[in-house]
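Residue numbers (full-length UniProt numbering), protein chains in the order written: chain A, 1 to 469; chain B, 1 to 200.
The beta-carbon is built from N, C-alpha and C at its ideal position, and this holds for glycine as well.
On a predicted model such as this, the values are computed, not experimentally measured, just so you know.
Below is one structure, written out as structure tokens; the observations come after it.
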Amino acid sequence: MPSAATENHFRRSSYPSILADILYAHPHHHPAAMSSSSPPYRLSPLATLTPASTSRTWLSAPHPTLPLVATATSDKSVRVYSLTTFTLISSIAGGHKRSIRSCAWKPNTRGESVLATGSFDASAGIWRRAENDAAVEEVDFTRRGARGDDSDEEGGDEDEWQFSVILDGHDSEIKSVAWSAGGQFLATCSRDKSVWVWEEIDEDSFETIAVLQEHEADVKCVAWHPMEDLLASGSYDDTIRLYREDLDDWTCVAVLSGHKATVWCVTFEPSGLKVLESDDMAPERREVLEARKKGGPRLLSSSDDQTIRLWRRKPKDTPAPPTGQGRMPSIIRSNSIEEDWFEETQLPQRHSRTIYSVSWSPISGMIVSTGSDGKIVVYKEQWRDNSGPRTAMEPLNTAVQDQPEAVVKPVASTEWVVVAEVEASHDVYEVNHVCWTKRRDKGRRSEDEEIILSTGDDGEVKVWTLETE
Amino acid sequence: MDDIQNSNPTVLPSSDLPSRRPASPTTHHPSRGTGLFDSLVPAYGYPYDPFLPKSPSASSDDEDDDEIPDPIDAQEIYDLISTITDPEHPLSLGSLSVVNLPDITIIPPSSPASRISTVQVLLTPTVTHCGLATVIGLGVRVRLERALPPRFRIDVRIKPGTHSTAEQVSRQLGDKERVAAAVENATLMAMLKKMLEGCD
Numbered sequence: 001m002p003s004a005a006t007e008n009h010f011r012r013s014s015y016p017s018i019l020a021d022i023l024y025a026h027p028h029h030h031p032a033a034m035s036s037s038s039p040p041y042r043l044s045p046l047a048t049l050t051p052a053s054t055s056r057t058w059l060s061a062p063h064p065t066l067p068l069v070a071t072a073t074s075d076k077s078v079r080v081y082s083l084t085t086f087t088l089i090s091s092i093a094g095g096h097k098r099s100i101r102s103c104a105w106k107p108n109t110r111g112e113s114v115l116a117t118g119s120f121d122a123s124a125g126i127w128r129r130a131e132n133d134a135a136v137e138e139v140d141f142t143r144r145g146a147r148g149d150d151s152d153e154e155g156g157d158e159d160e161w162q163f164s165v166i167l168d169g170h171d172s173e174i175k176s177v178a179w180s181a182g183g184q185f186l187a188t189c190s191r192d193k194s195v196w197v198w199e200e201i202d203e204d205s206f207e208t209i210a211v212l213q214e215h216e217a218d219v220k221c222v223a224w225h226p227m228e229d230l231l232a233s234g235s236y237d238d239t240i241r242l243y244r245e246d247l248d249d250w251t252c253v254a255v256l257s258g259h260k261a262t263v264w265c266v267t268f269e270p271s272g273l274k275v276l277e278s279d280d281m282a283p284e285r286r287e288v289l290e291a292r293k294k295g296g297p298r299l300l301s302s303s304d305d306q307t308i309r310l311w312r313r314k315p316k317d318t319p320a321p322p323t324g325q326g327r328m329p330s331i332i333r334s335n336s337i338e339e340d341w342f343e344e345t346q347l348p349q350r351h352s353r354t355i356y357s358v359s360w361s362p363i364s365g366m367i368v369s370t371g372s373d374g375k376i377v378v379y380k381e382q383w384r385d386n387s388g389p390r391t392a393m394e395p396l397n398t399a400v401q402d403q404p405e406a407v408v409k410p411v412a413s414t415e416w417v418v419v420a421e422v423e424a425s426h427d428v429y430e431v432n433h434v435c436w437t438k439r440r441d442k443g444r445r446s447e448d449e450e451i452i453l454s455t456g457d458d459g460e461v462k463v464w465t466l467e468t469e
Numbered sequence: 001m002d003d004i005q006n007s008n009p010t011v012l013p014s015s016d017l018p019s020r021r022p023a024s025p026t027t028h029h030p031s032r033g034t035g036l037f038d039s040l041v042p043a044y045g046y047p048y049d050p051f052l053p054k055s056p057s058a059s060s061d062d063e064d065d066d067e068i069p070d071p072i073d074a075q076e077i078y079d080l081i082s083t084i085t086d087p088e089h090p091l092s093l094g095s096l097s098v099v100n101l102p103d104i105t106i107i108p109p110s111s112p113a114s115r116i117s118t119v120q121v122l123l124t125p126t127v128t129h130c131g132l133a134t135v136i137g138l139g140v141r142v143r144l145e146r147a148l149p150p151r152f153r154i155d156v157r158i159k160p161g162t163h164s165t166a167e168q169v170s171r172q173l174g175d176k177e178r179v180a181a182a183v184e185n186a187t188l189m190a191m192l193k194k195m196l197e198g199c200d
């Protein structure tokens with residue numbers, strides 16, 4: 001690698017000055033952009049899952065309980081790797097006629113693993129494999145992993161995966177699949193602009209319970225709320241839409257506008273995060289968290305507009321109007337299932353191209369993002385230091401915005417800071433997906449240690465650790 | 001697609017097409033140096049500008065020649081895509097002026113730590129309502145994806161104002177999923193294969 005400084009200097013001098021200003025007006029060149037108040041972390045490569053695919057990999061879904069990860073691959077297969085040995089266990093193939101774009105494990109299954117796949121062939125597949133006792137599984141993986149190393153083709157294991165159901169209905173490529181938190185519903189979305197909700201009737205049959213045609217263009221992603229049967233979808237039409245069931249009918253309950261380009265990924269805040277809490281918390285901070293709790297988990301989205309936005313729901317049951325105007329007849333309001341979501345904040349802007357994927361850790365509360373620029377960026381939420389003079393902008397983003405202006409009291413708010421960043425995480429390739437999962441290999445340092453999995457155009461799934469420096 | 005969209009296109013003689021071999025080493029290329037907007041055209045490919053005489057006086061220090069082992073410049077991009085055949089005429093995109101050298105820009109990495117460069121190609125459809133603009137754009141994108149090293153991001157767009165749905169088509173061409181799915185479409189690929197036959 002030649003001296004970067006020299007190369008950079010040369011470029012600077014050979015560009016017309018205006019162009020150079022545009023090209024180099026980039027966060028990288030401002031060392032202060034990374035907050036100094038947050039503890040420094042370092043993203044380090046731990047392993048690459050082997051053998052890697054020879055074609056583009058789109059997404060990796062960690063199993064909800066077992067140390068497994070399923071990787072959707074453009075060679076029409078799903079590769080199942082062990083997270084204890086980081087080797088290939090089996091390859092699920094033969095079901096789809098085109099690229100498998102997405103896959104998702106059904107949560108809360110007993111005695112079996114159930115995987116849903118979404119393909120460019122416009123169909124979704126349901127695959128099953130019987131699972132034994134977890135301890136036996138663990139031993140089994142090591143053996144199979146070792147065998148997998150010997151042969152290039154991972155034959156012999158496919159038969160244990162039973163292709164159970166094919167879900168037909170979409171007119172064109174399926175882009176994303178997602179199970180509801182309880183596992184009762186499966187959502188699929190497609191370039192055909194629709195979102196479908198399927199319900200499992202019994203082991204081998206699914207019923208279409210909703211076809212939602214709210215978007216004006218390709219639907220890129222779907223995600224479920226962690227506690228409620230609330231579904232979110234992001235689209236090529238730049239919007240996010242939320243749906244829930246109302247008297248047997250699924251309807252759109254909110255439209256979130258703000259992104260200026262295709263929304264590539266949506267995901268909800270995991271439930272039960274307590275990272276901002278502490279026993280000796282100031283009352284104003286407690287108040288912020290209480291207000292936030294009423295709205296429930298927030299929604300995170302990433303886009304081709306190179307932003308990551310955080311959306312919050314306004315709590316429904318607002319206290320009765322304080323003024324004595326009597327009871328306002330609010331029949332429409334109380335019966336409405338519409339929800340009021342607003343953009344709470346944007347994360348620091350670090351990506352220079354489309355942000356394909358964001359993931360929110362259920363343990364640390366940190367967010368990780370990746371995209372076309374090949375970067376992996378980790379963000380952390382922290383309390384903003386409000387010792388200085390308050391700015392006029394602050395009340396907008398805090399819970400006290402409804403307070404009468406005359407009441408002067410301390411204001412608490414949070415901010416997101418970048419705590420770690422890796423450039424060229426998959427060499428020069430684009431990275432299509434990133435997610436958090438628990439570390440399961442021998443080297444793990446605690447029960448709760450997490451790793452980050454990144455999935456790239458180079459066919460590789462990489463494992464990263466986040467260490468405090 | 002039964003009706004030919006542009007039955008009488010303007011065709012440039014091959015001698016007028018940009019190439020790496022100008023009449024004399026000191027003569028600037030016809031597509032540059034004579035236009036009104038020359039000053040607006042960025043000096044793309046700066047360290048390896050093909051039009052810059054390779055004399056010691058022009059390159060202030062020699063190190064730039066050694067540093068970048070495989071320079072790719074706008075002319076090279078032009079050579080890769082100008083030979084693509086138009087889907088409805090047996091003519092090349094270069095001769096139809098759908099692909100033009102000044103509309104090819106190479107944007108260097110956005111930070112010193114990055115090796116990712118961007119190739120931006122603006123296409124000029126032969127007629128403003130050309131229904132084949134998307135297919136042509138796809139052909140250009142696929143051609144460059146196959147020919148260029150993976151450190152290049154490829155942005156193929158329709159030149160603003162040259163097509164009734166320029167923005168829409170550009171957006172489709174920029175969508176990785178759509179492009180990936182299109183490449184798996186047999187009908188579309190048969191069409192692209194024909195268009196790319198003329199390339200090496």
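Quick check on the burial criterion: 16 or more other C-beta atoms within 10 angstroms. Buried or exposed for residue i?
i, result
"residue 155/A", "Note on residue 155/A: pLDDT 44, under 50, position unreliable in the model; the coordinate value appears next. Exposed."
"residue 181/B", "buried"
"residue 259/A", "buried"
"residue 110/A", "exposed"
"residue 366/A", "buried"
"residue 172/B", "buried"
"residue 141/B", "buried"
"residue 446/A", "exposed"
"residue 432/A", "buried"
"residue 45/A", "exposed"
"residue 162/A", "exposed"
"residue 69/A", "buried"
"residue 84/A", "buried"
"residue 421/A", "buried"
In whole angstroms, what is the alpha-carbon distance linking residue i and residue j?
i, j, result
"residue 78/A", "residue 277/A", "40 Å"
"residue 101/A", "residue 198/A", "18 Å"
"residue 452/A", "residue 418/A", "16 Å"
"residue 98/B", "residue 179/A", "46 Å"
"residue 130/B", "residue 6/B", "8 Å"
"residue 426/A", "residue 62/A", "19 Å"
"residue 65/B", "residue 16/B", "Confidence at residue 65/B is low in this model, with a pLDDT of 44, below 50, so the placement of that residue should be treated as unreliable; the coordinate-derived value is given next. Cα to Cα, the separation comes out at about 30 Å."
"residue 270/A", "residue 164/B", "45 Å"
"residue 459/A", "residue 201/A", "36 Å"
"residue 362/A", "residue 273/A", "7 Å"
"residue 66/A", "residue 107/A", "11 Å"
"residue 161/B", "residue 250/A", "42 Å"
"residue 337/A", "residue 79/B", "58 Å"
"residue 203/A", "residue 111/B", "52 Å"
"residue 296/A", "residue 313/A", "7 Å"
Run down chain B in chain order and give the residues with a C-beta less than 9 Å from the C-beta of residue i.
i, result
"residue 352/A", "110, 111, 114, 116"
"residue 373/A", "110, 114, 116, 153"
"residue 74/A", "180, 184"
Which partner residues of residue i appear in the DSSP bridge assignment?
i, result
"residue 430/A", "Paired residues: none, contrary to the question."
"residue 196/A", "188/A, 211/A"
"residue 509/A", "The question about residue 509/A has no answer, for chain A in this structure spans 1 to 469."
"residue 355/A", "371/A"
"residue 486/A", "Because chain A in this structure spans residues 1 to 469, residue 486/A falls outside the shown range and cannot be described."
"residue 129/A", "113/A"
"residue 92/B", "85/B"
"residue 202/A", "205/A"
"residue 91/A", "79/A"
"residue 221/A", "234/A"
Closer than 8 Å by beta-carbon distance: list the chain B residues that pair up with residue i, in chain order.
i, result
"residue 120/A", "180, 181, 184"
"residue 173/A", "177, 181"
"residue 98/A", "181, 184"
So which residues of chain A does residue i contact, with C-beta pairs closer than 7 Å?
i, result
"residue 150/B", "428, 429"
Verify the contact flag: residue i, CB atom, against every heavy atom of the ligand ZN, threshold strictly below 7 Å.
i, result
"residue 469/A", "No copy of the ligand ZN appears in this structure; indeed no ligand is present at all."
Determine the chain B residues that contact residue i at a beta-carbon separation under 7 Å, and present them in chain order.
i, result
"residue 423/A", "113, 114"
Sufficient close CB pairs (3 or more, under 8 Å) joining the stretch 186–197 of chain B to the stretch 79–90 of chain B: They touch, by the three-pair rule.
Cβ pair count under 8 Å reaching 3, the stretch 232–250 of chain A against the stretch 283–294 of chain A: Too few Cβ pairs lie closer than 8 Å, so no.
At least three beta-carbon pairs within less than 8 Å, the stretch 345–364 of chain A to the stretch 306–315 of chain A: At 8 Å Cβ cutoff, the stretches touch.
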